Ligand SMILES: C[S@@+](CC[C@H](N)C(=O)[O-])C[C@H]1O[C@@H](n2cnc3c(N)ncnc32)[C@H](O)[C@@H]1O
Ligand code: SF4
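Numbering (the numbering used here), first residue to last: 1139 to 1504.
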């Protein structure tokens, strides 16, 4: 049986953060029941195509999945369990925002089999949170971290963004020390990406690139000291606490996405659901255009995704899939000399310094 991952997109948020580029809406709560019904229809119908698969990871992403009543998540999970074959050992993850989660909800999640929580902290700084229009304050984050502990949830990730308004190297260090005092097994720290047109004015309050690099370089060392391995460009985990769902994306494993804007990748074919909320509610089975991945595109994806991870490109896999490993290694030589890449017996790996310019390296190697 082939292994499969499922992604469920929940496009509801309390408010919209200034920097957000995801398919999501505030003030659409009245439409939640319609959306859940549409999701259930999509899951039931499409599951028929995957009778020979077993689901190994499920990821509720957003938007803010925790914005939904836990009963809605339970209904979606029940639909999945009724229609798909589920592996005995499965990772079920849900993205949560501090303002929409409490101990009762966490316990409810646990009882329905959710075994990983991904908590969007972004910053502990009161002024920063206000400036980026986060729907929660710093005190709510502390409460949520305590609730995670009280609910006995061991597998959880905490998300941060580097480069936010009013953030400095010193304040970032203090924020990471704060979260480390809660002993999280997983931390994600992304560089802020933004649409200049949307938030041009806000940029003047953000730290410059050099200061962001300083944060990154410190973070890698500090988290290593705390026992969290830098396993992907923006992700750090204690052994055994890597996010399996995301790892499968980076390993080009198959997944099906449900809900608006969700992506899928099966049988070397990709497709993306409509991002039009009303159109999706009307017909969740709209057939989106798909794209067959040819050998060239597959090779580019393999390089791009492998280089996001600390393991890097497996040389044997590359040679058996695409041949001409020597050409790739010749291209990599400059970056090996400059210590942005390193070659082991099996792999070609980015270094911590390499991760900083991974887009450029990827482009060159492709
Ligand atoms: C799908 S989002 C999670 C959404 C969740 N509602 C939240 O805000 O925490 C996953 C993570 O991506 C990161 N992220 C979102 N927008 C970003 C941006 N513009 N630049 C960098 N990181 C971003 C945040 O750390 C966020 O927790
Ligand atoms: S809460 Fe998350 S998904 Fe919602 S607007 Fe903010 S960043 Fe985007």
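Glycine included, every Cβ here is placed at the ideal spot set by N, Cα and C. Predicted model only: the values in this text are computed from it and were never measured.
Continuous alpha helix (DSSP H) stretch holding residue 1492: start and end:
1490-1494
Locate the beta strand (DSSP E) running through residue 1171, then write down its first and last residues.
Here residue 1171 belongs to no beta strand (DSSP E); instead the alpha helix (DSSP H) covers 1170-1185.
Should residue 1373 be labelled buried (16 or more other beta-carbon atoms within 10 Å of its own) or exposed?
buried
What do you reckon, are the CB atoms on residue 1365 and residue 1330 nearer than 7 Å?
Going by beta carbons, residue 1365 and residue 1330 fall outside the 7 Å limit.
Cβ-Cβ separation, residue 1379 to residue 1323 (assumed contact under 8 Å), whole Å:
The pair is a contact, with the Cβ atoms about 4 Å apart (cut-off 8 Å).
Kindly list the residues whose CB is nearer than 8 Å to the CB of residue 1140, restricted to its own chain and excluding five residues on each side of it in sequence; keep chain order.
Its chain contains 1190, 1191, 1192, 1392 as the residues whose beta carbon lies nearer than 8 Å to that of residue 1140, once the 5 sequence neighbours on both sides are disregarded; these appear in chain order.
Consult DSSP for residue 1477 and reduce its assignment to one of helix, strand or coil.
coil
Please output, in chain order, the residues near ligand 2 using a CB cut-off of less than 6 Å to any non-hydrogen atom of the ligand.
1151, 1154, 1155, 1158, 1160, 1162, 1200, 1201, 1202, 1235, 1258
Ignoring anything shorter than 4 residues, give me the alpha helix (DSSP H) runs that lie fully in the region 1396-1421, in order along the chain.
Correct list: 1415-1420.
Report yes if the C-beta of residue 1331 is less than 6 Å from at least one heavy atom of ligand 1; otherwise report no.
yes
Could you tell me the boundaries of the beta strand (DSSP E) in which residue 1438 lies?
Premise fails: residue 1438 lies in the alpha helix (DSSP H), 1433-1444, not in any beta strand (DSSP E).
Okay, do the region 1223-1233 and the region 1259-1274 touch, 3+ Cβ pairs below 8 Å being the bar?
The answer is no - the region 1259-1274 does not touch the region 1223-1233, with fewer than three Cβ pairs under 8 Å.
Under a Cβ-count criterion, where at least 16 other Cβ atoms within 10 Å of its own Cβ denotes burial, should residue 1417 be classed as buried or exposed?
exposed
Please report the Cβ distance between residue 1244 and residue 1308, rounded to the nearest whole angstrom; I am assuming they are in contact, meaning their Cβ atoms lie under 8 Å.
About 32 Å; that fails the 8 Å criterion.
Suppose you measure from the CA of residue 1469 to the CA of residue 1503; what does that come to, to the nearest Å?
Residue 1469 and residue 1503: Cα-Cα distance of roughly 6 Å.
Bridge-paired residues (DSSP) for residue 1200:
1148
Looking at the structure shown, is residue 1254 part of a helix, part of a strand, or coil, going by DSSP?
strand
Considering only residues of the same chain and omitting the five flanking positions on each side of residue 1275, which have a CB-CB separation below 7 Å?
1264, 1267
Would you mind working out which of 1278, 1356, 1178, 1239 sits nearest residue 1494, comparing C-alpha positions?
1356
So does the region 1144-1155 actually touch the region 1198-1211, counting three or more Cβ pairs closer than 8 Å?
The region 1144-1155 and the region 1198-1211 touch, with no fewer than 3 CB-CB distances between them shorter than 8 Å.
Check: residue 1299 C-beta below 6 Å from any heavy atom of ligand 1
yes
Going by Cα to Cα distance, which pick from 1485, 1303, 1238, 1312 is closest to residue 1557?
In this structure the chain extends from 1139 to 1504, so residue 1557 is not present and cannot be described.
Beta-carbon proximity check, residue 1240 vs residue 1419, cutoff 7 Å:
Cβ distance not < 7 Å, so residue 1240 and residue 1419 don't count as in contact.
Per-residue DSSP class, three states only, for residue 1289:
coil
With distance defined between alpha-carbon atoms, name the residue in 1478, 1176, 1157, 1446 nearest to residue 1146.
1176
Check: residue 1328 C-beta below 6 Å from any heavy atom of ligand 1:
yes
When the Cα atoms are used, what is the spatial distance from residue 1421 to residue 1180?
If I take the Cα positions, the gap works out to 9 Å.
Residue nearest to residue 1358 in terms of C-alpha spacing, selected from 1342, 1382, 1310, 1388:
1310
With a threshold of 6 Å (Cβ to nearest heavy atom), would residue 1439 be considered close to ligand 1?
no
Does the beta-carbon of residue 1389 have 16 or more other beta-carbons within 10 angstroms, so that it is buried, or is it exposed?
exposed
How would you label residue 1482, buried or exposed, when you count the other beta carbons within 10 angstroms and need 16 or more for buried?
Exposed is the call here.
Simplified DSSP assignment, three categories, for residue 1236:
helix
Spatial neighbours of residue 1409 in its chain, beta-carbon cut-off 8 Å, leaving aside the 5 residues before and after
1401, 1402, 1426, 1427, 1428, 1429
For ligand 1, is there a heavy atom less than 6 Å away from the beta-carbon of residue 1313?
No; taking the cut-off as 6 Å, the Cβ of residue 1313 has no heavy atom of ligand 1 nearer than that.
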